[in-house]
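Notes to accompany the following structure.
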Amino acid sequence: MERSAGIPAVKARLAGARAVTVLTGAGISADSGVPTFRGAEGLWRNHRAEDLATPEAFARDPRLVWEWYNWRRELIATKIPNAAHHALVELERRVERFWLITQNVDGLHPDAGSRKLSEIHGNIWKVRCTQCGQVHANREVPLPLLPRCPACDELLRPHIVWFGESLDPDDLDRSVAAVGSCEVLLIIGTSGIVYPAASFASLARQAGAFVVEINLDPTPNSPVVDVALGGRAAEVVPGLL
Ligand code: OAD
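Basically the working numbering = 1-based index in the sequence shown + 97.
Listed below in structure tokens is the structure:
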């Protein structure tokens, strides 16, 4: 659907909806200056994901993996939420039943003030003990390598869901319930190829929701949604409220 035709329809749906779910990906943080994973400027361009974001990579070379996360932490530490993050906080305030599902680990949604959210891929500002499993908030930049657990002195790892690992079952249940029971689903800035989030557009449509995509480019979700709005998240999302 053409963008100008789509926006009034989306605004009307959002204004009348009592249950709204939002799925975000790296594209929403691109407008804050955080690199995305795929595409020309993508974060993976000079790295192979398998070398860095897997349990096998960490077992093989924890220092390399931690150096990469330290680099990302340093970069993200200089970034702040943008108008799209703030608009979603406002939407959470307005809507009776709201849930935000983000694949982003940068913490910019909670920094903006979002509270009803699942960070399904974890958070780069949290670390987890490889031995006792305790999760700690940690904003040190850079982290001294290799970081050890304050409780049991074993090796810490990023509290991130890596390739080949499962999502937290509570996060997954909550997300699937929010997607399956909403009236409007907004899908913002995700390439729509990493599961399970990649299945959320079809799931919501099957359950009768009005599904909207906001992305710079078409994605595999675009043919599935009711309205695909092309553009930058920081420009398009605030305009929908
Ligand atoms: P990707 O890098 O795969 O996709 C980013 C999407 O954002 C692309 O579809 C872009 O077209 C779009 N985009 C870029 N800039 C935008 C902007 N300013 N406004 C709107 N859209 C924009 O990122 P994700 O879909 O989030 O997983 O990737 C999913 C997961 O794959 C990530 O969570 C990460 C990665 O491997 C883990 O780290 C576990």
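For every residue, glycine included, the Cβ atom is placed at its ideal position computed from N, Cα and C. Since we're looking at a predicted model, the values are computed, not measured.
| said: I want to check one thing, is the minimum distance from the CB of T316 to the heavy atoms of ligand 1 below 7 Å? | reply: Residue mapping note: residue 316 aligns to position 219 of the sequence shown, counting from 1. Answer for T316: yes, Cβ within range of ligand 1.
| field | CB-CB length for E187 against L338, believed under 8 Å | value | In the sequence shown, counting from the first residue as 1, residue 187 sits at position 90. In the sequence shown, counting from the first residue as 1, residue 338 sits at position 241. About 6 Å separates the beta carbon of E187 from that of L338, a gap short enough to meet the 8 Å contact definition.
| request: Give the secondary structure of E280 by DSSP, where H, G and I count as helix, E and B as strand, and everything else as coil. | output: Indexing the sequence shown from 1 puts residue 280 at position 183. If DSSP states are grouped into helix, strand and coil, E280 belongs with coil.
| task | State the DSSP-derived secondary structure class of H182, mapped to helix, strand or coil. | result | As a working mapping, residue 182 is identified with position 85 in the sequence shown. H182 falls in the helix class under three-state DSSP.
| query | What is the residue span of the alpha helix (DSSP H) that R115 lies within? | reply | Position 18 of the sequence shown, counted from the first residue, corresponds to residue 115. No alpha helix (DSSP H) contains R115, which DSSP labels as neither H nor E.
| field | CA-to-CA distance, V321 to I96, given in whole angstroms | value | Residue numbering for the chain in the displayed model covers 98 to 338; residue 96 lies beyond these limits and cannot be assessed.
| query | Which first and last residues belong to the beta strand (DSSP E) in which F260 is found? | reply | Indexing the sequence shown from 1 puts residue 260 at position 163. Looking at the DSSP string, F260 is not in any beta strand (DSSP E), and its letter there is neither H nor E.
| query | When burial is assigned at 16 or more other CB atoms within 10 Å of the CB, is L214 buried or exposed? | reply | Against the sequence shown, residue 214 aligns to sequence position 117. By the neighbour-count rule (16 or more Cβ atoms within 10 Å), L214 is buried.
| Mind checking whether the beta-carbon of W259 lies closer than 7 Å to any heavy atom of ligand 1? | Residue 259 sits at position 162 when you count from the first residue of the sequence shown. Yes, the Cβ of W259 comes within 7 Å of a heavy atom of ligand 1.
| message | Quick check on F155: does DSSP put it in helix, strand or coil? | response | Working through the sequence shown from its first residue, we reach residue 155 at position 58. When secondary structure is reduced to three states using DSSP, F155 falls in the helix class.
| message | DSSP has E310 in a bridge; who is on the other side? | response | Working through the sequence shown from its first residue, we reach residue 310 at position 213. Bridge partners of E310: I284 and A325.
| query | Which whole-angstrom value is the C-beta distance of V117 and C246, which I expect to be below 8 Å? | reply | As a first step, residue 117 must be located in the sequence shown, where it is residue number 20. As a first step, residue 246 must be located in the sequence shown, where it is residue number 149. Contact check for V117 and C246: beta-carbon distance about 39 Å, past the 8 Å limit, so the pair fails to qualify.
| field | Start-to-end residues for the beta strand (DSSP E) that takes in L300 | value | Residue 300 sits at position 203 when you count from the first residue of the sequence shown. Careful: L300 lies outside any beta strand (DSSP E), inside the alpha helix (DSSP H) at F297 to Q303.
| request: Rank V291, A209 and R190 by C-alpha distance to the C-alpha of H182 and give the top, closest one. | output: Stepping through the sequence shown from its first residue, residue 182 is reached at position 85. If you compare the alpha carbons of V291, A209 and R190 with that of H182, the shortest gap goes to A209.
| Is Y292 buried or exposed, if buried means 16 or more other CB atoms sit within 10 Å of its CB? | In the sequence shown, the residue the question calls residue 292 occupies position 195. The C-beta of Y292 has fewer than 16 other C-beta atoms within 10 Å across all chains shown, which makes the residue exposed.
| E99 by DSSP, collapsed to three states: which one? | As a working mapping, residue 99 is identified with position 2 in the sequence shown. A caution first: E99 carries a pLDDT of 48, below 50, which makes its placement in the model unreliable, though a value can still be read off. Note: E99 maps to coil in three-state DSSP.
| message | Here's the rule: buried if 16 or more other CB atoms are within 10 angstroms of the residue's CB, otherwise exposed. What is L111? | response | In the sequence shown, counting from the first residue as 1, residue 111 sits at position 14. Buried, since its Cβ has 16 or more Cβ neighbours within 10 Å.
| query | Would L283 be called buried (16 or more neighbouring beta carbons within 10 Å of its own) or exposed? | reply | As a working note, residue 283 is residue 186 in the sequence shown. Result: buried.
| Going by the C-beta, is S263 closer than 7 Å to any heavy atom of ligand 1? | Taking the sequence shown and counting its residues from 1, one reaches residue 263 at position 166. Flag unset: Cβ of S263 not near ligand 1.
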